[in-house]
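Chains as they are written, first to last, in the working numbering: chain L, 1 to 205; chain G, 206 to 410.
Below is one structure, written out as structure tokens; comments come after it.
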């Protein structure tokens with residue numbers, strides 16, 4: 001009875017690829033879209049076309065930027081202030097989380113992924129050479145490696161440390177240990193080992 | 206430090222309007238999109254533009270269809286078979302659920318909403334006149350009112366029954382009672398009243 005419309009099928013297929021969505025929720029979204037042609041389909045189609053056309057990755061710092069301007073995030077352009085630290089993260093989401101926490105004020109460098117330990121350490125897609133350039137060229141005192149506490153993230157951190165060994169910059173990485181609210185009973189061995197190794201004096205906050 | 210890109214802001218805003226999504230999941234989706242320009246942004250922009258251009262509502266049966274063809278769903282065109290029943294539903298999602306259940310084979314009529322009991326019973330947006338036309342014109346024996354068991358749905362059902370009173374068509378509505386798996390203890394009064402009123406003989410399945 002029901003014949004499928006190819007455009008709708010394709011729309012469901014694409015939307016169900018997005019994180020957190022499956023075929024069922026994609027169908028629900030498509031129904032909402034169909035019922036809101038002017039308010040949703042039209043502006044979404046337009047803004048996606050614009051983003052596709054205008055938003056590119058900065059080939060210095062790896063952040064996204066408008067294609068017709070220099071890097072507006074000042075993760076690599078130094079118009080406002082001269083920071084002395086670069087925080088190296090794997091992807092944009094990591095930077096957003098750190099930004100939101102307010103703990104860090106300085107430049108960012110978005111690698112665009114990690115080294116894969118299995119994949120012969122291919123660094124083709126990672127913005128490591130431009131990081132070395134930035135450190136050499138600018139007044140950077142410290143590079144903070146904020147890669148994940150995974151094998152890939154730590155492999156990447158070591159690789160970057162080696163890449164920067166000719167510069168005199170200070171290189172640090174985020175502390176490992178108990179997460180806030182973490183109960184000893186449920187911690188994995190790796191976290192426990194880190195927490196013991198990195199133990200420090202008891203200080204009042 | 207972080208300056209916002211207006212296109213990205215707008216994309217997050219639009220996506221967070223979709224059902225089941227909020228600002229956080231919208232951000233996650235936008236990040237996924239940014240990282241998959243060719244695989245996601247481009248095809249999504251294209252298919253949305255196509256859907257906006259090509260997919261319209263059939264003004265006879267209320268279903269969606271390609272703008273350059275007659276109603277391909279055969280909810281109102283009678284190329285394959287001559288059914289004798291029309292199932293009247295509030296929206297496309299309702300039709301999809303009924304289709305998937307396999308319980309019904311016949312034509313559909315999608316109203317596009319319900320009468321609002323508060324809103325002076327405005328029927329402007331509901332495809333009720335074309336339903337009357339269909340019933341008058343074609344060989345329809347029965348109209349099955351599959352509107353929701355809500356005040357609005359039942360008000361709409363009554364309104365449609367009145368609109369069809371000049372035709373000789375049989376008008377039925379879906380049974381009300383215990384849902385499968387429903388425990389008496391947790392049923393609301395309305396459902397209990399319906400279940401008692403509509404009680405029937407005990408038959409072996």
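Glycine is no exception: its CB is placed at the ideal position from the N, C-alpha and C atoms.
Proximity test, Cβ basis, 8 Å: residue 212(G) and chain L: Answer yes: the Cβ-Cβ gap between residue 212(G) and chain L drops below 8 Å somewhere.
Would the segment 47-67 of chain L and the segment 237-245 of chain G be scored as touching if the rule is three or more Cβ pairs under 8 Å? Here the segment 47-67 of chain L makes contact with the segment 237-245 of chain G; the two share three or more CB pairs at distances below 8 Å.
For my contact list, residue 92(L) and residue 143(L) are in at a C-beta cut-off of 8 Å; report their separation, rounded to the angstrom. No, residue 92(L) and residue 143(L) are not in contact; Cβ-Cβ is about 19 Å, not under 8 Å.
Taking the CB atoms as reference points, tell me whether residue 109(L) and residue 131(L) lie closer together than 8 Å. Contact flag set, yes.
With burial defined as no fewer than 16 other Cβ atoms inside 10 Å of the residue's Cβ, what is the status of residue 175(L): buried or exposed? With fewer than 16 other CB atoms across the displayed protein chains lying within 10 angstroms of its CB, residue 175(L) is exposed.
Taking only the alpha-carbon atoms, compute the straight-line gap between residue 391(G) and residue 384(G) and give it to the nearest angstrom. Distance between the alpha carbons of residue 391(G) and residue 384(G): 11 Å.
Does any CB atom of chain L fall closer than 8 Å to the CB of residue 222(G)? Yes, its Cβ sits closer than 8 Å to a Cβ of chain L.
Coarse secondary structure for residue 145(L), derived from DSSP in three states: It is a strand residue.
Look at the Cβ atom of residue 192(L), then the Cβ atom of residue 253(G), and state whether they are nearer than 8 Å. Not in contact: residue 192(L) and residue 253(G) (Cβ atoms no closer than 8 Å).
Taking only beta carbons into account, state which residues of the segment 42-57 of chain L come closer than 7 Å to chain G, listed in chain order. Flagged, chain order: 42, 43, 44, 45, 47, 48, 49, 50, 51, 52, 54, 55.
Does the beta carbon of residue 233(G) come closer than 8 Å to any beta carbon on chain L? In terms of beta-carbon proximity, residue 233(G) lines the interface with chain L, with at least one pair separated by less than 8 Å.
Which runs of the alpha helix (DSSP H), 4 residues or longer, sit entirely within the segment 30-91 of chain L? Whole alpha helix (DSSP H) segments, 4+ residues: 42-54.
Are there three or more Cβ pairs, one per stretch, closer than 8 Å when the segment 293-313 of chain G is compared with the segment 342-360 of chain G? Contact holds between the segment 293-313 of chain G and the segment 342-360 of chain G, because three or more Cβ pairs, one in each stretch, are under 8 Å apart.
For residue 231(G), I'd like the list of residues in its chain whose CB is within less than 7 Å of its CB, leaving aside the five on either flank, ordered along the chain. For residue 231(G), the CB contacts under 7 Å within the same chain, skipping 5 residues up- and downstream, are 217, 220, 221 in chain order.
Do residue 152(L) and residue 126(L) have their C-beta atoms closer together than 8 Å? No; because the gap between Cβ atoms is not below 8 Å, this pair is not in contact.
Do residue 224(G) and residue 29(L) have their beta-carbon atoms positioned less than 8 Å apart in this structure? Cβ atoms of residue 29(L) and residue 224(G): closer than 8 Å.
DSSP three-state label for residue 364(G), please. The answer is helix: DSSP assigns residue 364(G) an H, G or I state.
Hey, is residue 66(L)'s beta-carbon within less than 8 Å of any beta-carbon in chain G? Yes, its Cβ sits closer than 8 Å to a Cβ of chain G.
Cβ-based contacts, 8 Å cut-off: residues of the segment 167-182 of chain L near chain G: Result list empty, no residue passes.
Please state whether the Cβ-Cβ distance between residue 165(L) and residue 141(L) is less than 8 Å. No, they are not a contact pair.
Measure from the alpha carbon of residue 111(L) to the alpha carbon of each residue in 90(L), 98(L), 102(L), then state which is nearest. For residue 111(L), the nearest C-alpha among the options comes from 90(L).
Where do the N-terminal and C-terminal ends of the beta strand (DSSP E) with residue 378(G) fall, by residue? For residue 378(G), the uninterrupted beta strand (DSSP E) segment begins and ends at 375-378.
For residue 110(L), which residues does DSSP report across the bridge? Note: residue 110(L) sits in a beta bridge opposite 89(L).
At least one CB of chain L closer than 8 Å to the CB of residue 405(G): is that the case? With its beta carbon at least 8 Å from every one in chain L, residue 405(G) lies outside the interface.
State the Cα-Cα distance for the pair residue 154(L) and residue 160(L), rounded to the nearest angstrom. For residue 154(L) and residue 160(L), the gap between their C-alpha atoms comes out near 10 Å.
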